[in-house]
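Reviewing the structure listed below.
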């Protein structure tokens, strides 16, 4: 009877040891796989470097106040046509930029920022072409370009466009992550500046 109990105890110990070894091996293997996958994602995104996430076409009239020394001041309307490009710098990503488990992925990305703000001077124009007495056409055009650029930059930094660029960034990066083979992962993207 004692031999049977000892045999059962030895079998039970071997059984438990087998499960323990298998558990440790699987966890070590999973940790190695997760680290490899994390490196794959980070390196894939870093290779892109600067990612343009949205381009916004802009057309809007602005009012320009023209001051003249001897004549009465007047307003002139200038229609600004331009493009705003937002993007994120992915070259700064590192291991702390990602949290990966076997079924979920959290990315910490920089907030999208304005990377390009251009005015198409060939399409932008004055609404009323009546030049008033005492106005230098070239000075007025220069004044219009400067004020149009200031207006466009101010508009580009509005909360509405920043939020729109974040949404576009989430969609763009989600697509990239899925193309890297992580389509079954629950993905969440946090912006570093928002934390």
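In the working numbering, the protein residues as written are 181 to 375.
Glycine residues also receive a C-beta, built at the ideal position from the N, C-alpha and C atoms.
Going by CA-CA distance only, name the one from the options that's closest to residue i.
| i | options | result |
| --- | --- | --- |
| residue 318 | 294, 246, 227 | 246 |
| residue 122 | 349, 339, 347, 301 | Examination of residue 122 is not possible in this model, given that the chain is present from 181 through 375 alone. |
| residue 316 | 251, 341, 263, 231 | 251 |
| residue 260 | 231, 329, 225 | 329 |
| residue 282 | 218, 337, 373 | 218 |
| residue 332 | 215, 358, 355, 239 | 239 |
| residue 215 | 233, 268, 258, 274 | 274 |
| residue 227 | 272, 291, 255 | 272 |
| residue 234 | 362, 305, 292, 320 | 292 |
| residue 284 | 372, 366, 373, 371 | 366 |
| residue 335 | 264, 371, 230 | 264 |
| residue 230 | 258, 322, 349, 220 | 349 |
| residue 343 | 294, 280, 244 | 294 |
Looking at the structure shown, is residue i part of a helix, part of a strand, or coil, going by DSSP?
| i | result |
| --- | --- |
| residue 318 | helix |
| residue 370 | strand |
| residue 386 | Residue 386 lies beyond the residue range present for the chain, which begins at 181 and ends at 375; the question has no answer from this structure. |
| residue 354 | helix |
| residue 219 | helix |
| residue 337 | coil |
| residue 408 | This structure cannot settle anything about residue 408, because the visible part of the chain is limited to 181 through 375. |
| residue 344 | helix |
| residue 284 | strand |
| residue 273 | coil |
When the Cα atoms are used, what is the spatial distance from residue i to residue j?
| i | j | result |
| --- | --- | --- |
| residue 236 | residue 262 | 8 angstroms |
| residue 223 | residue 287 | 13 angstroms |
| residue 296 | residue 351 | 20 angstroms |
| residue 304 | residue 278 | 44 angstroms |
| residue 266 | residue 345 | 6 angstroms |
| residue 242 | residue 357 | 41 angstroms |
| residue 359 | residue 307 | 47 angstroms |
| residue 369 | residue 289 | 7 angstroms |
| residue 337 | residue 298 | 14 angstroms |
| residue 268 | residue 232 | 7 angstroms |
| residue 371 | residue 324 | 36 angstroms |
| residue 220 | residue 354 | 15 angstroms |
Which residues mark the beginning and the end of the beta strand (DSSP E) in which residue i is found?
| i | result |
| --- | --- |
| residue 255 | 254-269 |
| residue 307 | It is not in any beta strand (DSSP E) - residue 307 carries neither H nor E in the DSSP assignment. |
| residue 239 | 230-246 |
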